[in-house]
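Asks: Quick one: this structure, given as structure tokens, is what I'll be asking you about.
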Amino acid sequence: MCWAVPAVVLDIDYKNSLAYVDIGDGVPRPVIIGIANERISKGDLVMVHAGVIITRLDLEAINQFIEEKKELAKELALMAGDDPEKAVREVEEELNKILEIARRAREGEVKVVKEIW
Amino acid sequence: MIKDRINVAELIFRRNIAVTRRLREYIFKFSDILRRSYGEDYVFKIMDFCGTHEWTIVHFGVRSLVPNNVELVAGPGCPVCVTPSYYIEQAIKLALEGVVVYTYGDVFRLPVLKPVNGARSLAEAKALGADVRIVHSIVHASIDAGKHGKDSMFVGIGFETVAPGYAEAVLKNLLPSNLKLMSLVKLTPPAAFYSLDILREKPNDYPIMGVIAPGHVSTIIGGKAWTPIVENYGIPVVVTGFEPNDVLMAIVEILRQLARNDIKVVIEYTRAVKWEGDVKAQSSIRTVFETVDSAWRGIGYIPKSGLALRPMFSKFDAFEYFGIRELTPEEWRYDLPPGCKCAEVTLGKVKPTDCPLFMKQCTPDHPVGPCMVSMEGACAVWARFGGGGLSVEIAKDLGLVM
């Protein structure tokens with residue numbers, strides 16, 4: 566029900582609720598914008614399901630995610646008798662690395678994918 | 274560069290072994306706490322409703338990373354598996370009568386119960402000379418149908434994720450006048466509740482103690498759509514993304530909620546899902562479709578679980594134009610082949626390997642039942658990627674399991 570692929574928006578035809586996206590092979594494909602048109606602009610990263618844009622990927626939301634995971638790490642460290650501050654620092658460092666990679670990818674640095682591997 | 278950006282979005286939640294290792298530790302810690310309060314033998318069943326989650330779990334060997342008191346159960350999230358045989362039989366009939374039929378690749382191979390003029394699927398109808406065309410989306414069908422002008426039908430299966438696409442296509446008049454939509458859209462929450470009810474009424478062994486909710490369906494309907502599970506069943510729900518670390522995080526959160534008795538709906542897939550969902554998509558679906566009782570293959574009618582085009586959009590409606598009779602609860606008959614356990618697999622009552630046909634008569638090359646066809650069908654996923662203990666070997670190799 567949920568099979569979807571990430572794609573980058575190349576162009577938008579608001580009148581027909583259509584967008585042209587690239588799923589990474591350089592071929593522009595027409596897809597229907599299933600969500601509020603104003604949520605999408607050129608260059609956005611979106612998820613496409615059966616030719617329908619179902620969401621915009623919001624990598625900034627990872628910040629919120631990091632906050633939540635810090636709380637979880639603290640709770641677990643207390644439970645295990647470890648230093649909670651150290652656990653929080655570790656989570657922060659690990660996830661900030663991810664954010665940094667995401668930022669550099671947005672700026673078009675090509676080596677970032679290799680770093681993830 | 275575009276490929277790079279796309280990869281980053283996926284890979285940050287996939288290729289991060291450090292995060293995977295940490296998440297696995299958390300899962301074991303919480304399961305130990307739960308073991309102390311529920312007993313040694315208690316098994317915590319967590320249901321993944323979505324076929325794509327089951328794909329992630331099997332493909333990446335997630336089951337090899339959880340302790341033996343945590344069991345992941347596949348749920349009803351595969352539209353191809355639950356589309357009644359009757360509608361595909363009608364599509365085959367029209368195709369053999371000369372109507373151009375557009376559909377997705379998995380529906381193309383979906384076997385029916387009663388062959389039509391010898392054709393057991395749209396693929397076989399094509400082999401017999403019918404014009405059946407595989408497309409990725411209704412946009413491609415519209416472009417193609419506009420070129421030839423012949424009577425055409427789009428077999429529109431799917432869940433809430435495709436519904437806004439069909440709705441926009443209708444609202445913006447993207448369909449050429451010769452292309453009609455056969456709306457077979459189904460709704461996920463009613464099936465989820467139904468399946469939890471069934472499992473609660475007829476407990477095989479241990480109850481479902483947590484739910485991994487479908488991430489992409491929730492982009493449309495929102496995290497809020499799952500609150501009835503918390504209210505009515507008192508179990509945790511985590512709306513989850515589709516990379517392996519997403520799923521592991523969901524398992525951690527479910528076990529944490531159980532251990533702390535802090536039961537709620539949590540969105541793990543924050544990069545894609547909002548609590549309210551997409552209000553505009555919800556409103557376009559409501560404008561174009563009405564909610565109807567709908568038949569699920571092998572299961573029967575589930576109230577308010579399907580979407581039919583509203584009468585004001587009847588000019589797009591394949592049922593109307595081609596005179597296809599709607600199935601009724603009185604006429605519906607059990608529509609799985611003898612021996613096939615697809616319905617039980619779909620409802621999480623049995624595993625694919627409990628089916629007597631699994632990998633004997635029924636294989637991905639020669640599917641007998643509908644769960645063996647789609648990439649999201651639990652049987653097809655297990656057949657392709659499961660078994661052999663390979664995932665445990667790989668996990669050991671990656672240093673994730675000792």
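Just so you know, the sequences run in chain order A and B.
Heads up, the first sequence is in my numbering, so the first residue is 566 and it goes up one at a time.
Heads up, the second sequence is in my numbering, so the first residue is 274 and it goes up one at a time.
Here a beta-carbon is modelled for each residue, glycine too, at the ideal position from N, C-alpha and C.
Taking 8 angstroms as the cut-off, does the region 489-505 of chain B touch the region 629-636 of chain B (at least 3 CB pairs, one atom from each stretch)?
Replies: Not touching, per the Cβ criterion.
Asks: What are the uninterrupted segments assigned as alpha helix (DSSP H) that are 4 or more residues long and contained completely in the region 592-642 of chain B, given in chain order?
Replies: The qualifying runs are 615-619.
Asks: Quick check: the Cα distance between ASP424/B and LEU452/B, rounded to an integer number of angstroms?
Replies: Here residue 424/B is taken as the residue at index 151 of the second sequence, counted from 1. Here residue 452/B is taken as the residue at index 179 of the second sequence, counted from 1. One C-alpha to the other measures close to 6 angstroms.
Asks: In chain order, what residues of the same chain have a beta carbon less than 6 angstroms from the beta carbon of VAL408/B, not counting five sequence neighbours either side?
Replies: Locating residue 408/B in the second sequence gives position 135, where the first residue counts as 1. Hits under 6 angstroms: TYR375 and ALA414.
Asks: Express the C-alpha separation of PRO611/B and GLY642/B in angstroms, rounding to a whole number.
Replies: Position 369 of the second sequence, counted from the start, is the residue given in the question as residue 642/B. Position 338 of the second sequence, counted from the start, is the residue given in the question as residue 611/B. Whole-angstrom Cα-Cα distance: 9 angstroms.
Asks: 8 angstroms is my cut-off, CB to CB: does LEU528/B come that close to chain A?
Replies: Translated into the one-based positions of the second sequence, residue 528/B becomes position 255. It does not; no Cβ of chain A falls within 8 angstroms.
Asks: When burial is assigned at 16 or more other CB atoms within 10 Å of the CB, is MET675/B buried or exposed?
Replies: The count along the second sequence starts at 1 and reaches residue 675/B at position 402. Exposed is the call here.
Asks: Any C-beta of chain A sitting closer than 8 angstroms to the C-beta of LYS577/B?
Replies: Here the question's residue 577/B lines up with position 304 in the second sequence. No, LYS577/B does not count as interfacial toward chain A.
Asks: Count the other C-beta atoms from every protein chain shown that fall within 10 angstroms of the C-beta of VAL343/B, then say buried if there are 16 or more, exposed otherwise.
Replies: What you label residue 343/B is simply residue 70 of the second sequence in a count that begins at 1. VAL343/B is buried by the Cβ-count criterion.
Asks: With distance defined between alpha-carbon atoms, name the residue in ALA403/B, TYR542/B and GLY429/B nearest to ALA626/A.
Replies: Stepping through the first sequence from its first residue, residue 626/A is reached at position 61. It is TYR542/B whose Cα lies nearest to the Cα of ALA626/A.
Asks: Hey, which unbroken runs of the alpha helix (DSSP H) at 4 residues or more fall wholly within the region 572-656 of chain A?
Replies: List check, alpha helix (DSSP H) in window: 627-645.
Asks: Counting only the same chain and skipping the five closest in sequence on each side, list residues whose C-beta sits under 7 angstroms from that of ALA486/B.
Replies: What you label residue 486/B is simply residue 213 of the second sequence in a count that begins at 1. Only PHE322, TRP499, VAL510, VAL511, VAL512 and THR513 meet the Cβ criterion.
Asks: Kindly list the residues whose CB is nearer than 6 angstroms to the CB of PRO602/B, restricted to its own chain and excluding five residues on each side of it in sequence; keep chain order.
Replies: Within the second sequence, residue 602/B is the residue found at index 329, counting from 1. These residues qualify, in order along the chain: TYR574.
Asks: Please list the partners that TYR311/B has in chain A, where partner means a Cβ-to-Cβ separation under 7 angstroms.
Replies: Here residue 311/B refers to the residue found at position 38 of the second sequence. Here the premise fails: no neighbours, minimum Cβ distance about 17 angstroms.
Asks: Beta carbons nearer than 9 angstroms to chain B: which residues of the region 578-597 of chain A have them?
Replies: Listed by position, the residues of the region 578-597 of chain A near chain B (Cβ gap below 9 angstroms) are LYS580, ASN581, SER582, LEU583, ASP587, ILE588, GLY589, ASP590, GLY591, ARG594, PRO595, VAL596 and ILE597.
Asks: With DSSP as the reference, label THR564/B as helix, strand or coil.
Replies: The residue you call residue 564/B lines up with position 291 of the second sequence. Three-state result, THR564/B: strand.
Asks: Taking 8 angstroms as the threshold (C-beta atoms), are PRO593/A and LEU575/A in contact?
Replies: Stepping through the first sequence from its first residue, residue 575/A is reached at position 10. Stepping through the first sequence from its first residue, residue 593/A is reached at position 28. Cβ atoms of LEU575/A and PRO593/A: closer than 8 angstroms.
Asks: Would you mind telling me which residues of chain A sit closer than 8 angstroms to SER410/B, beta carbon to beta carbon, in chain order?
Replies: Taking the second sequence and counting its residues from 1, the one referred to as residue 410/B is at position 137. In chain order: VAL596, ILE597, ALA615, GLY616 and VAL617.
Asks: Quick check on SER304/B: does DSSP put it in helix, strand or coil?
Replies: Numbered from 1 along the second sequence, position 31 holds the residue referred to as residue 304/B. Helix, per DSSP.
Asks: Can GLY571/B and ASP608/B be called in contact, C-beta distance under 8 angstroms?
Replies: Counted from its first residue, the second sequence places residue 571/B at position 298. Counted from its first residue, the second sequence places residue 608/B at position 335. Result yes, Cβ atoms of GLY571/B and ASP608/B sit closer than 8 angstroms.
Asks: Looking at chain A, is there any beta carbon in it that lies within less than 8 angstroms of the beta carbon of ALA398/B?
Replies: For the purposes of this step, residue 398/B is identified with residue 125 of the second sequence, where counting begins at 1. Taking Cβ atoms only, chain A never reaches closer than 8 angstroms to ALA398/B, which makes this a no.
Asks: Within 10 Å of its beta-carbon, does TRP682/A have 16 or more other beta-carbons around it, so buried, or fewer, so exposed?
Replies: The count along the first sequence starts at 1 and reaches residue 682/A at position 117. The predicted position of TRP682/A is uncertain, since its pLDDT is 41 and thus under 50; a value taken from the coordinates is nonetheless stated next. It counts as exposed.
Asks: If the cut is a Cβ gap below 7 angstroms, which residues of chain B does ASP647/A touch?
Replies: Locating residue 647/A in the first sequence gives position 82, where the first residue counts as 1. Residues of chain B passing the Cβ test: none, with the nearest at roughly 11 angstroms.
Asks: Comparing C-alpha positions only, which one of CYS351/B, PHE317/B and ALA364/B sits nearest to ASN341/B?
Replies: Position 68 of the second sequence, counting from 1, holds the residue named residue 341/B. Nearest C-alpha to ASN341/B: PHE317/B.
Asks: Can you name the residues of chain A whose CB is closer than 7 angstroms to the CB of VAL292/B?
Replies: To locate residue 292/B, count along the second sequence from 1; it is residue 19. Result: GLU659.
Asks: Cβ closer than 9 angstroms: which chain A residues qualify as neighbours of HIS413/B?
Replies: In the second sequence, counting from the first residue as 1, residue 413/B sits at position 140. Per Cβ cutoff of 9 angstroms: ARG594, PRO595 and GLY616.
Asks: In chain order, which continuous runs of the beta strand (DSSP E) of length 3 or greater are located wholly inside the region 494-525 of chain B?
Replies: Complete beta strand (DSSP E) runs here, min 3: 510-513.
Asks: Residues in the same chain with beta-carbon distance under 7 angstroms from GLU433/B, minus the five sequence neighbours each way, listed in chain order, please.
Replies: The count along the second sequence starts at 1 and reaches residue 433/B at position 160. Result list for GLU433/B: LEU460, THR461, VAL490, ILE493 and ILE494, in chain order.
Asks: Expressed to the nearest angstrom, what Euclidean distance is found between the alpha-carbon atoms of VAL380/B and ILE600/A?
Replies: The residue you call residue 380/B lines up with position 107 of the second sequence. The residue you call residue 600/A lines up with position 35 of the first sequence. Rounded to whole angstroms, VAL380/B to ILE600/A spans 25 angstroms at the Cα level.
Asks: Identify each residue in the region 474-508 of chain B for which the Cβ-Cβ distance to at least one residue of chain D is less than 7 angstroms, and report them in chain order.
Replies: Of the chains in the structure shown, none is chain D; the protein chains are A and B.
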